[in-house]
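Chemist: Here it is, the structure, as structure tokens.
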Amino acid sequence: QYTLDQSPSFLSIQERTHADLNCTYQKKTFYNFVWFKQEPGKGLVSFQKEEADKNFKELLGKETVYSVFHISASHPGDSATYFCALHCSTLQAPAACPTTPSWAS
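Using the numbering used here, the letters of the sequence shown map in sequence onto residues 393 to 497.
Okay, here's the thing in structure tokens:
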């Protein structure tokens, strides 16, 4: 079973303040976190660590992997639904990658 937990499930903040979106995965494997943003009426836009390094942190715990997507100095364009997902690295461990994606929102 591949389970992601994302928190908070709903967040409302004042303009020009910051927020952290958290995603946790309960197993250490060859996975990378990917964050998606979906503005009302639009498609998903992905943010991978390399593309959003200043906003994106991954932390390894003893049994858990954490990802934090940080929004600093928020503005109206940040208003959206955010999703975290896991991307299995087939280059690192092809046999360990499941065939179905795991999502959280």
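Don't be surprised by glycine CBs; every beta carbon is placed ideally from N, CA and C. Computed from a predicted model, the values in this text were never measured in an experiment.
1) Using beta-carbon positions only, say whether L436 and F461 come within less than 9 Å of one another.
2) At a cut-off of 8 Å, would you count T473 as near the ligand FMN, judging by its Cβ distance to the nearest heavy atom?
3) How many angstroms separate the CA atom of N501 from the CA atom of C480?
4) Can you list, in chain order, the residues of its chain with a C-beta nearer than 7 Å to that of E431? Leave out the 5 residues immediately preceding and following it.
5) Just curious, the beta strand (DSSP E) that L413 is in, first and last residue?
6) To the nearest angstrom, how far is the alpha carbon of S404 from that of K429?
7) Does the distance from the CB of S459 to the CB of N414 come in under 9 Å?
8) Can you give me the Cβ contacts of A411 inside the same chain, cut-off strictly under 7 Å, excluding the 5 residues immediately before and after it?
9) Might you give, ordered along the chain, the residues of its own chain that have their beta carbon closer than 8 Å to the beta carbon of V426, omitting 5 neighbours on each side?
Modeler: Considering the structure as presented:
1) no
2) Among the components of this structure there are no ligands whatsoever, and the ligand FMN is therefore not found.
3) Residue coverage of the chain in this structure runs from 393 to 497, which leaves residue 501 outside it and unanswerable.
4) A472
5) 411–417
6) 15 Å
7) yes
8) L403, I405, I463, S466
9) S438, F439, Q440, C476, A477, L478, H479
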